[in-house]
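A.B. asks:
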Amino acid sequence: MRKLFLIILLIVITQSCSTKYHGYVYDFDKETPLNKVKVYYKDSTDFVLSNKEGYFEVKKSTTIKYLLFEKEDYRRFSLSTFDRQNEFIKEQPFGDTIYLISKNSKHRRPQIALPIRN
Numbered sequence: 008m009r010k011l012f013l014i015i016l017l018i019v020i021t022q023s024c025s026t027k028y029h030g031y032v033y034d035f036d037k038e039t040p041l042n043k044v045k046v047y048y049k050d051s052t053d054f055v056l057s058n059k060e061g062y063f064e065v066k067k068s069t070t071i072k073y074l075l076f077e078k079e080d081y082r083r084f085s086l087s088t089f090d091r092q093n094e095f096i097k098e099q100p101f102g103d104t105i106y107l108i109s110k111n112s113k114h115r116r117p118q119i120a121l122p123i124r125n
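The end of the sequence shown is residue 125 by my numbering, with every number in the run present.
1. Does S57 pass the burial test, meaning 16 or more other C-beta atoms within 10 Å, or should it be called exposed?
2. Buried or exposed: which applies to K113, given that a residue is buried once 16 or more other Cβ atoms fall within 10 Å of its Cβ?
3. If you measure between the beta carbons of T52 and Y73, is that distance less than 9 Å?
4. Hey, could you find the ends of the beta strand (DSSP E) D34 is sitting in?
5. Would you kindly work out how many angstroms separate the C-alpha atoms of L107 and N42, rounded to a whole number?
Here is the structure:
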C-alpha cells in the first residue's frame, strides 16, 4: 500500500512540473481561435505557431521573462512568465487562454483626457 501511495505521489509531482507553456489564443471580439499566431520568447529567434484550434506549446525557459504573441492585424501581446519578489524569483501562472485584440477592434486602451486650462 505504501509503494502504491509513493508511485501515485511521484506521478502527481512529475505531472505538475510541466516543461512547456501551453494554451489557446483567441480573438478578443469574436471569441474564436486564432490560427498561425507566432509565439516566442523576447530576444529569441525560435518560435512556434498556434494551430487552427488556436493551441500552442512552447518549451519553458528558465532565463527569459517574456512570452510574446504576434499575428498580422493584431496588437502584439507580451506575457510576463516570472515575477521577482523580495529577491526570490517565482514562475507566474497564467490561464490557458490568451486573447489578442485586433488593430481594428472597438476595444482600445482608455485615453486620458487632459483638462484644458485657460
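For every residue, glycine included, the Cβ atom is placed at its ideal position computed from N, Cα and C.
C.D. replies: Taking the structure as given:
1. buried
2. exposed
3. no
4. K27 to D34
5. 12 Å
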